[in-house]
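Numbering (this note's numbering), first residue to last: 1 to 203. Please read the structure below before turning to the comments.
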Ligand code: VGL
Ligand code: ZN
């Protein structure tokens, strides 16, 4: 069984959002088309309480993109984004989610950030995604969405660790930093991950 994961296609990560990923809207038609080729579609949603410690605004004297120590982990600080119940946390209305069976939410604990759809950044708690996929007899995981160098990359690494054959669909993701993404994709491939294009699925 193959699963398509759609990460964080939410207004705050789209053009005009508080943490916009350049050109991120370009992937939406690709992600919509890809879903026809999968039996299982799962969405991931960044879903922070307003007092989340990854927000610069919740750390006195700090600015976005400063690095702090948060309970022993390095934490990059962000502009407020994907706050529970706000418009910026909503999925794009252009994104078709009719096929998504479930939505896994992450980043809900104010004391720890969560980039991967599988675990928080300290690998302390699971979102339940790996168990869910196992229960559905998934053996291959295909990753799409935002941001390519953060959520998609780290979900890919966790997916490999969990033993899934793991694919990142290059033209169905966009990174915040192209440079970071290129370096990370080398690491992902070295670990056994596969970088493909949507045409590999369509053809
Ligand atoms: C993400 C930055 C902040 C992501 C989440 O999921 O890619 N990036 N929060
Ligand atoms: Zn976040």
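Glycine included, C-beta positions come from ideal geometry on N, C-alpha and C.
Cβ-heavy atom distance, residue i to the ligand VGL, below 7 Å
i           : result
residue 52  : no
residue 107 : yes
residue 103 : no
residue 80  : no
residue 169 : no
residue 120 : no
residue 134 : no
residue 66  : no
residue 27  : no
Residue i (DSSP reduced to helix, strand or coil)
i           : result
residue 46  : strand
residue 144 : strand
residue 174 : coil
residue 33  : helix
residue 97  : coil
residue 7   : strand
residue 242 : Residue coverage of the chain in this structure runs from 1 to 203, which leaves residue 242 outside it and unanswerable.
residue 38  : coil
residue 84  : coil
residue 69  : strand
residue 186 : helix
residue 26  : helix
Alpha carbon of residue i to alpha carbon of residue j, nearest angstrom
i           : j           : result
residue 195 : residue 189 : 7 Å
residue 55  : residue 203 : 42 Å
residue 201 : residue 105 : 27 Å
residue 135 : residue 83  : 30 Å
residue 130 : residue 159 : 8 Å
residue 42  : residue 127 : 13 Å
residue 60  : residue 81  : 18 Å
residue 12  : residue 178 : 19 Å
residue 29  : residue 103 : 20 Å
Bridge-paired residues (DSSP) for residue i
i           : result
residue 54  : The partner list for residue 54 (beta bridge, DSSP) is empty, contrary to what the question assumes.
residue 112 : BP columns for residue 112 are empty, so no partner.
residue 165 : 140
residue 119 : 126
residue 196 : 169
residue 106 : 46
residue 2   : 140
residue 91  : 10
CB-CB length for residue i against residue j, believed under 8 Å
i           : j           : result
residue 149 : residue 180 : 4 Å
residue 114 : residue 107 : 5 Å
Cβ-heavy atom distance, residue i to the ligand ZN, below 7 Å
i          : result
residue 46 : yes
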